[in-house]
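Student: Here it is: the structure, laid out below.
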Amino acid sequence: MQSKLIFTISLETLSHQIQKTIQDEFQPTLAIIFASPAMGLEALRVLFNKNNIQIIGASTAGEIGNTAIQGAGISLLLLDPPTSHFKIIQREANYESSPEIGVQIAQVAQTYFKNPAFIMVFSMNICGDTMIDGISKTLNGYPSIFGGMAGDDMKMKESYTFSNEKVSSNSVTVLILDNDKIAVEGMALSGWQPIGLENKITKANNNIIHEINEEPALDVVKRYFGDYFANSLNEDSLSLGIAQYPLQIIREDSYVLRAALDSNESDGSLLMAGPVTTGDSFRFSIAPGFEVVEDTIQGFKDFAKEKPEADALLMFSCVARHMSLGPMIEEEIEGIYNVWQKPMAGFFTYGEVGQQSTGTSHFYNETCSLVLLKEL
């Protein structure tokens, strides 16, 4: 399977490069698009329909292309798999309907492929955890599920996904792949290290933590980190202090990170970037300096020993991770790209989907999820 990265901040340049790419030896059938809402998502949809290329797309909080990062632009992969090897669907959804939407996605996938794999992007009002759970339970196993929550240039108001049919701020768009024809493999790594004792969430509702250890949640984190968690979310960016100390929610097979987006002084609650549950145990965590980048790159190097070949790469990296690591994020992206040196498109997400080494898929924060695509 051939692949080509287009990384630009201009719709005019994008159109020119698409025309240049459509040659006898490379006729793209699929585009995976990550674009700032400022680029004009409807114009993108029209452009690719005009060129008869199927698309799956998400709005972003910054774009990744090979070793570079940018803002307010476009990063996309053009690919040429046979159209019989993939299917794109888009479903309207919200937080409450997420479990059932997951079931529907799995049921549709089963009608097309015996062994489906999934690349999904979804707007910020959808619960990634319960949607993934709906897919996994319906398929009775550990299907390959990767992707991310769409961004909106850090405005935190409304994010979008799109297909050839429409652009929507209340949707999940899914690329379903025949995993017997196109290998979809990857790993999610964070590098954050746990600190302190184990704590318990004693009162929570969806993505809001009200109590930790039967105390107001904000009181507990202030005791650990002073006033970092008291900083409010403004219109332009997350509080850097909040982003630096995600919670490691303990799961049966491992853990998932949850980052705090905001705090409420009046009731002592925390707004998290993903769902939490009353009874969850966790430890606070911190990035251990340069080691977090070195460990993440090494983790993907170790993964490459088992999966040395790829036709293309996708990266879903948390925007809070970008904020926490600062300029080091560029070293991480370059180091990962250099392992395979294949076209890589990605974006900074509001949450990412990826697999543990055990094969289970989860919704994360502050994590880097990498996907390898390889035609068999």
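Take the numbering used here: the final residue in the sequence shown is number 358, and no numbers are missing along the way. Here a beta-carbon is modelled for each residue, glycine too, at the ideal position from N, C-alpha and C.
1) Can you tell me which of S80, W322, M305 and T11 puts its alpha carbon nearest to the alpha carbon of K287?
2) Any chance you could list the beta strand (DSSP E) runs of at least 3 consecutive residues sitting entirely within the segment 93 to 129, in chain order?
3) With a threshold of 8 Å, are at least 3 pairs of Cβ atoms found where one atom belongs to the segment 229 to 244 and the other to the segment 144 to 155?
4) Can you find a C-beta in chain B that's less than 8 Å from the C-beta of V353?
5) CB S41 to CB Y142, shorter than 8 Å?
6) For the candidate residues I0, I158, P19 and G168, whose alpha-carbon lies nearest to that of V335?
7) Distance check for V154 and Q338, CA to CA, integer angstroms please.
8) Would you identify the three-state DSSP class for M254, choosing helix, strand or coil?
9) Tell me whether M(-17), by its Cβ, gets closer than 7 Å to a heavy atom of the ligand COA.
10) Sorted by chain position, which residues of the same chain lie with C-beta nearer than 6 Å to R359's C-beta, five sequence neighbours on each side aside?
11) For K283, does the three-state DSSP call read helix, strand or coil?
12) Rounded to whole angstroms, what's the CA-CA distance from K204 to F(-11)? Just pull it up for me.
13) What does a CB cutoff of less than 7 Å around I231 pick up in its chain, not counting 5 residues either side in sequence?
14) Can you give me the Cβ contacts of G39 inside the same chain, cut-off strictly under 6 Å, excluding the 5 residues immediately before and after it?
15) Measure the alpha-carbon distance for A165 versus G208 and round it to whole angstroms.
16) For the segment 183 to 211, which segments carrying the alpha helix (DSSP H) assignment without a break, of at least 4 residues, lie completely within its bounds, in sequence order?
17) Could you give the distance in angstroms between the alpha-carbon of S(-8) and the alpha-carbon of A54?
18) Reducing DSSP to helix, strand and coil, say where P81 ends up.
19) For the segment 130 to 141 against the segment 324 to 333, are there 3 or more C-beta pairs whose distance is under 8 Å?
20) What runs of the beta strand (DSSP E), each 3 residues or longer, lie entirely inside the segment 134 to 164?
21) With DSSP run on the structure shown, which of helix, strand or coil describes A366?
22) Taking C374 and S299 to be in contact with their CB atoms under 8 Å, please state how far apart those CB atoms are, rounded to whole angstroms.
23) What are the residues that DSSP puts in a beta bridge with L229?
24) Could you say if the segment 171 to 183 and the segment 88 to 106 meet the contact criterion of at least three C-beta pairs nearer than 8 Å?
25) Any idea what DSSP makes of S87, helix, strand or coil?
26) Using three-state DSSP, classify N246 as helix, strand or coil.
27) Closer than 8 Å is the cut-off here; do at least three beta carbon pairs connect the segment 12 to 31 with the segment 105 to 116?
28) Please list, in chain order, all residues of the same chain as P228 whose beta carbon is under 7 Å from its beta carbon, the five residues on each side excluded.
29) Taking all protein chains shown into account, decide if K96 is buried (16 or more other Cβ within 10 angstroms of its Cβ) or exposed.
30) Once you ignore the five residues that flank L121 on each side, which residues in its own chain have a CB closer than 7 Å to its CB?
Tutor: Here's the rundown:
1) W322
2) 98 to 104
3) no
4) The structure shown has no chain B; it contains just one protein chain.
5) yes
6) If we check each option's Cα against that of V335, G168 comes out closest.
7) C-alpha separation (whole angstroms): 22 Å.
8) strand
9) Inclusion of the ligand COA in the displayed structure is not the case, the ligand content being empty and no account of it being possible.
10) The first residue shown for the chain is -17 and the last is 358, placing residue 359 beyond what the model contains.
11) helix
12) 42 Å
13) Spatial neighbours of I231 in its own chain (CB-CB distance under 7 Å, excluding positions within 5 residues in sequence) are listed in chain order as Y237, V238, R240, V258, D262 and F264.
14) I15 and F144
15) 47 Å
16) 199 to 207
17) 10 Å
18) helix
19) yes
20) 143 to 145 and 153 to 160
21) There is simply no residue 366 to check, as the chain begins at -17 and stops at 358 in what is shown.
22) No answer is possible for residue 374: it lies beyond the span of the chain, which begins at -17 and ends at 358.
23) R240 and F266
24) Contact between the segment 171 to 183 and the segment 88 to 106 is absent, because fewer than three Cβ pairs lie under 8 Å.
25) Correcting the residue identity first, residue 87 is Ile in this sequence and not Ser. Note: I87 maps to helix in three-state DSSP.
26) strand
27) no
28) W174, L239, R240, A241, S267, N347 and E348
29) exposed
30) A88
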